[in-house]
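Peer 1: My structure is below; once you've seen it, I'll send some questions.
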Amino acid sequence: MDVTLIDFDDRQDDKNSAMDVEDDRQPEVIGSWGDAMHTDDVPEECVRLRAKIQRLQSDAEAKQNALDDIIALLTGTQEALDGTKSKLAAKESECAALRAQLEQARREGHHDAPALSSLERERSPYPGPPVTPRKTPSSGPGPHEADQQQIDELMGHLRIRDESLRAAELKLTEERATRKHVAQELQGAQAQMAAQTQEKEQLAALLRTAEERAQVQAQDARAASQCAAEVDQYKSKVDDLQKQVKFFRDNSARTSRKVHELVDENERLNEDLSAMQKQLKYKKSMDQALKRLMKSV
Numbered sequence: 001m002d003v004t005l006i007d008f009d010d011r012q013d014d015k016n017s018a019m020d021v022e023d024d025r026q027p028e029v030i031g032s033w034g035d036a037m038h039t040d041d042v043p044e045e046c047v048r049l050r051a052k053i054q055r056l057q058s059d060a061e062a063k064q065n066a067l068d069d070i071i072a073l074l075t076g077t078q079e080a081l082d083g084t085k086s087k088l089a090a091k092e093s094e095c096a097a098l099r100a101q102l103e104q105a106r107r108e109g110h111h112d113a114p115a116l117s118s119l120e121r122e123r124s125p126y127p128g129p130p131v132t133p134r135k136t137p138s139s140g141p142g143p144h145e146a147d148q149q150q151i152d153e154l155m156g157h158l159r160i161r162d163e164s165l166r167a168a169e170l171k172l173t174e175e176r177a178t179r180k181h182v183a184q185e186l187q188g189a190q191a192q193m194a195a196q197t198q199e200k201e202q203l204a205a206l207l208r209t210a211e212e213r214a215q216v217q218a219q220d221a222r223a224a225s226q227c228a229a230e231v232d233q234y235k236s237k238v239d240d241l242q243k244q245v246k247f248f249r250d251n252s253a254r255t256s257r258k259v260h261e262l263v264d265e266n267e268r269l270n271e272d273l274s275a276m277q278k279q280l281k282y283k284k285s286m287d288q289a290l291k292r293l294m295k296s297v
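Under the UniProt record's numbering, residues 1 to 297 are what the sequence shown spells out, in order.
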């Protein structure tokens, strides 16, 4: 009886060596994924960028309100300036009419030289004391004195109109200077708002980049966590397989010993069988000899 023994030890050693290689590789996988799990800095950067953007938005709203106020002031100033211009044009027309009346009265009263001197003094930028026209001696009040009185009244009215005109021109000049200053402030505010808008757009781009980076790192962290869970699962399977291998190895050793015992017992049984066959053969030969002897008797 031949018995073939299966060598379990060599196969199990090969399996154990392959599992040891896999166990050596697992920490490298965990280490490669572990570097991607640092996501604490990115949310803080996002919060800081959001706060800065909100602050810039508040500043931009304040600047916009200031610009609205400046525009309203410019609109009011423009309206006042237009009104002053119209009033100035009306006064210039009125002054022109008064001058025409004065010239007409001067021609009618034959007082060309005194009236012209008074008119030049009124229109000069540095008027001196008013010149009282000389009265020509006459025997009594005549039409010339009435004309002179009318001319004096017209000159006084014209002087008042000229003073009002100069005041209006001065006010117009001041309003133009104020408007120019406000326009310069408006241009500066618009330039500052443009710079803040550009900075806001840059910060928004940085915020989007930071959020995308945070999202990518979060995905990497989830993938790393999933990989770590799979690694733990594989380790558990490896432990189970190692336990099974150990069980099979121990069982193989016991089976091998039992097979050796059975082989030894088989050899003993074969020897006993050979001895019994020899005894049976000897007994059979003795029986045949005894039968032949009995027949011969």
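Note that beta-carbon positions come from the ideal geometry of N, C-alpha and C, so glycine has one too.
1. Does the distance from the C-beta atom of A80 to that of E211 stay below 9 Å?
2. Is DSSP giving E120 helix, strand or coil here?
3. Using a threshold of 9 Å, state whether the C-beta atoms of K237 and Q57 are closer than that.
4. Could you tell me the distance, in whole angstroms, from the CA atom of D152 to the CA atom of A167?
5. Residues in the same chain with beta-carbon distance under 8 Å from E230, minus the five sequence neighbours each way, listed in chain order, please.
6. Go ahead and label A183 buried or exposed: buried means 16 or more other beta carbons lie within 10 angstroms of its beta carbon, across all protein chains shown.
7. With a cut-off of 8 Å on the beta carbons, I'd call A189 and L67 a contact; round off their distance for me.
8. So, at 8 Å on beta carbons, what are the nonlocal neighbours of L74 in its own chain, with the 5 sequence-adjacent residues on each side left out?
9. If I measure Cβ to Cβ from T136 and keep anything under 6 Å in the same chain, skipping five residues before and after, which residues do I get?
10. Hey, Q207 and R50: beta-carbon distance below 9 Å or not?
11. Kindly indicate which residue of T84, R48, R106, Q226 has the alpha-carbon position closest to the one of L165.
12. Just how far apart, CA to CA, sit K243 and N251?
13. Which one of A228, M294, A214, K295 has the shortest CA to CA distance from C46?
14. Give the straight-line distance between the Cα atoms of residue 300 and D82, rounded to the nearest whole angstrom.
15. Using C-beta distances below 8 Å, list every residue in its chain close to L203, excluding the 5 sequence neighbours before and after it, in chain order.
16. For M155, count neighbouring C-beta atoms within 10 Å of its own C-beta (all shown protein chains included) and say buried if the count is 16 or more, exposed if not.
17. Pull up the CB-CB distance for R161 and C95, whole angstroms please, since I reckon it's below 8 Å.
18. Secondary structure at V297, three-state DSSP: helix, strand or coil?
19. Would you check if the distance between the CB atom of Q150 and the CB atom of A90 is smaller than 9 Å?
20. Using a threshold of 9 Å, state whether the C-beta atoms of H157 and L88 are closer than that.
21. I believe M193 touches A72 by the beta-carbon criterion, under 8 Å. Please report the beta-carbon distance rounded to the nearest angstrom.
22. Answer with buried or exposed for A224, where buried requires no fewer than 16 other C-beta atoms within 10 angstroms of its C-beta.
23. What's the gap between the Cα of V216 and the Cα of C227?
24. Suppose you measure from the CA of S285 to the CA of K295; what does that come to, to the nearest Å?
Peer 2: In brief:
1. What you label residue 80 is simply residue 80 of the sequence shown in a count that begins at 1. What you label residue 211 is simply residue 211 of the sequence shown in a count that begins at 1. Taking 9 Å as the cut-off, the beta carbon of A80 is found no closer than this to the beta carbon of E211.
2. On the sequence shown, position 120 is the one that residue 120 refers to. Any reading at E120 needs caution, since the residue's pLDDT is 45, under 50, leaving its predicted position unreliable; the model's value is listed next. Note: E120 maps to helix in three-state DSSP.
3. Looking up residue 237 in the sequence shown gives position 237. Looking up residue 57 in the sequence shown gives position 57. Contact: no.
4. Here residue 152 refers to the residue found at position 152 of the sequence shown. Here residue 167 refers to the residue found at position 167 of the sequence shown. Each residue's Cα considered, the two are about 23 Å apart.
5. The sequence position of residue 230 within the sequence shown is 230, counting from 1. Cβ within range, chain order: n/a, list empty.
6. Position 183 of the sequence shown holds residue 183. So A183 ends up on the exposed side.
7. Reading the sequence shown from its first residue, position 189 is the one you call residue 189. Reading the sequence shown from its first residue, position 67 is the one you call residue 67. About 6 Å separates the two Cβ atoms, so the contact holds.
8. Taking the first residue of the sequence shown as position 1, residue 74 is located at position 74. Closer than 8 Å at the Cβ level, and outside the excluded window around L74, lie R179, V182, A183, L186.
9. Reading the sequence shown from its first residue, position 136 is the one you call residue 136. Confidence at T136 is low in this model, with a pLDDT of 44, below 50, so its placement is unreliable and the value that follows should be read with caution. Counting only Cβ-Cβ distances below 6 Å, and skipping sequence neighbours, we find nothing.
10. Mapped onto the sequence shown, residue 207 falls at position 207. Mapped onto the sequence shown, residue 50 falls at position 50. The residue asked about is misnamed: residue 207 is Leu in this sequence, not Gln. Yes, they are a contact pair.
11. Working through the sequence shown from its first residue, we reach residue 165 at position 165. The shortest C-alpha separation from L165 is found at T84.
12. As a first step, residue 243 must be located in the sequence shown, where it is residue number 243. As a first step, residue 251 must be located in the sequence shown, where it is residue number 251. Going by the C-alpha atoms only, they are around 12 Å apart.
13. Start at 1 with the first residue of the sequence shown, and residue 46 comes out as number 46. If we check each option's Cα against that of C46, A214 comes out closest.
14. Nothing about residue 300 can be read from this structure; the chain reaches only from 1 to 297.
15. Within the sequence shown, residue 203 is the residue found at index 203, counting from 1. Setting aside the 5 residues that flank it on each side, L203 is surrounded in the same chain by L49, K52, I53, L56, each with a C-beta closer than 8 Å to its C-beta; the list follows chain order.
16. Against the sequence shown, residue 155 aligns to sequence position 155. Answer is buried; the Cβ neighbour count reaches 16.
17. Numbered from 1 along the sequence shown, position 161 holds the residue referred to as residue 161. Numbered from 1 along the sequence shown, position 95 holds the residue referred to as residue 95. Right, the Cβ-Cβ distance comes to about 5 Å (below 8 Å), so this counts as a contact.
18. Translated into the one-based positions of the sequence shown, residue 297 becomes position 297. When DSSP states are grouped into helix, strand and coil, V297 belongs to the coil group.
19. Locating residue 150 in the sequence shown gives position 150, counting from the first residue. Locating residue 90 in the sequence shown gives position 90, counting from the first residue. With a cutoff of 9 Å on beta-carbon distance, Q150 and A90 are scored as not near each other.
20. Walking along the sequence shown from the start, residue 157 turns up at place 157. Walking along the sequence shown from the start, residue 88 turns up at place 88. No, they are not a contact pair.
21. Walking along the sequence shown from the start, residue 193 turns up at place 193. Walking along the sequence shown from the start, residue 72 turns up at place 72. With a Cβ gap of about 17 Å, M193 and A72 do not count as contacting.
22. Position 224 of the sequence shown holds residue 224. When all chains shown are included, A224 counts as buried.
23. As a first step, residue 216 is located in the sequence shown; it is residue number 216 there, counting from the start. As a first step, residue 227 is located in the sequence shown; it is residue number 227 there, counting from the start. Roughly 16 Å separates the two Cα atoms.
24. Working through the sequence shown from its first residue, we reach residue 285 at position 285. Working through the sequence shown from its first residue, we reach residue 295 at position 295. If I take the Cα positions, the gap works out to 15 Å.
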